[in-house]
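Single-structure report; data block below.
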Amino acid sequence: MNLTLNSPLDMHVHLRQDDMLRFVAPFTAQQFVGAVCMPNTLPPVDRADRLDAYTASIRKAVGDLSFDPYVPLFFRDDLTREELTAMRDRLFGVKLYPAGVTTNSDAGVAELGKIEPVLDILQDLDLPLLVHGETNGYSHDREREFVAVYDHIATTFPRLRLIMEHISTVEAAEFLDKHDNVFATITLHHLCHTLDDVLGGPFNPFYFCKPILKSPRDRDALQSLVKAGHPKIMFGSDSAPHTEVAKRTEGAAGCFTAPVLLPCLAEFFEDHDLLDQLQAFVSDNAQRIYRLDPPRRDVVLEPRTWTVPPRYGSIVPMNAGAHLRWKVQNAPEE
Ligand SMILES: [Zn+2]
């Protein structure tokens, strides 16, 4: 029997720019009717004109598919009330990268104490704050340490919707229920994998990402949230394409999961006898939390085994070579 999802959404994806954008955007737009497209481009999407230009370039790259790109503005600590108010009606939220912790985030915010005036404006304008929540500490502890920052922000700005992006730890999972205004996205790879997939055998660069994959205990905490149908979690793939050369020789962080997302999620939910909860995880929760009205389009998965190709263009996908049980109807073969 086919599996039909109503208006699935990917609440965290990297579509990049130029040729890469044109190549990867269709994988996302075929499986999802909308996506939160991250603004860590070069230069970052940190002003109204760049927001408009980037949104237009995504729309062009997906062609005729009904698809809404939701582009949050890259945080600047000199954002003013006038600037944010002027773009309020087309602004989805603001994305905060603490400085230097992930791809193209060197322009992120170094001193968190300096951000509070902007957070006050975001709260007043009811604009969500999306956060890559890691400190510059030891890699396995960065997110755990950052929970104190989340706590400070959520307490100081109780009406600000705070989204913890791509949570990967027990500590973040447990923190979710401490404040009404805190929500989270979870990726496919943090839900299904651990650091052993990177380092447990021969080094596998295609599972290397930030936040780094964690322990089985951390992964199980995320699985518990998903299995419980927690209403404050949303699917956000953090699919992040790099060329095979960049992955192998430059240590680029990020997993390209876009071509396999819904098939792998369907397997996970089916294996845990939860298929009836997939709709909430990939769409309903996000629509409620963000008050979205996305394009209405069904995405159908067929129970048909297929093999993930070794590469798409110059990019090696996650799960290359794996046999998957569900296939998205009308998805490209390669
Ligand atoms: Zn990301």
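Heads up, our numbering is the position in the sequence shown plus 168, with the first residue counted as 1. Where a beta carbon is used, it is the ideal one built from N, C-alpha and C, also for glycine.
At the C-beta level, L381 and T362 come within 7 Å of one another. Setting aside the 5 residues that flank it on each side, R312 is surrounded in the same chain by T337, E339, each with a C-beta closer than 6 Å to its C-beta; the list follows chain order. At least one heavy atom of ligand 1 lies less than 6 Å from the C-beta of D406. By DSSP's assignment, W474 forms a beta bridge with L492. Short note on M402: C-beta not closer than 6 Å to any heavy atom of ligand 1. For H357, there is no enclosing beta strand (DSSP E); the enclosing alpha helix (DSSP H) has its first and last residue at 356 to 360. Judged by their CB atoms, K395 and H334 are not nearer to each other than the 7 Å cut-off. Counting along the chain, the unbroken alpha helix (DSSP H) around N453 starts and ends at 453 to 458. Under the three-state reduction of DSSP output, D294 falls in the coil class, being neither helix nor strand. Beta-bridge partners of Y238 (DSSP): V204. For D466, the closest of G202, L367, T323, D319 by C-alpha to C-alpha distance is G202. The continuous beta strand (DSSP E) containing K263 extends over residues 262 to 264.
In this structure, the alpha-carbon of I321 lies about 22 Å from that of N453.
Sequence-distant Cβ neighbours of R479 in its own chain, meaning closer than 8 Å and more than five residues away, are E412, P485, A488.
With fewer than three CB-CB distances shorter than 8 Å, the stretch 297 to 312 does not count as touching the stretch 425 to 440. Ranking C205, L252, K495 by CA distance to the CA of F235 puts C205 first.
In the DSSP assignment, F437 falls within the alpha helix (DSSP H) that extends over 429 to 439. Under the Cβ criterion (8 Å, minimum of three pairs), the stretch 184 to 201 counts as touching the stretch 225 to 242. Under the criterion of beta carbons closer than 8 Å, S451 and L173 qualify as touching, at roughly 7 Å. In this structure, L252 sits away from I283, with a CB-CB distance that is not shorter than 7 Å. For L173, DSSP records a beta bridge to V467. Non-local beta-carbon contacts of F403 in its own chain, meaning distances under 6 Å to residues more than five positions away in sequence, involve F449, V450 in chain order. Under DSSP, S407 takes part in a beta bridge, and its partners are V181.
DSSP places L330 outside any alpha helix (DSSP H); the residue lies instead in the beta strand (DSSP E), whose first and last residues are 330 to 332.
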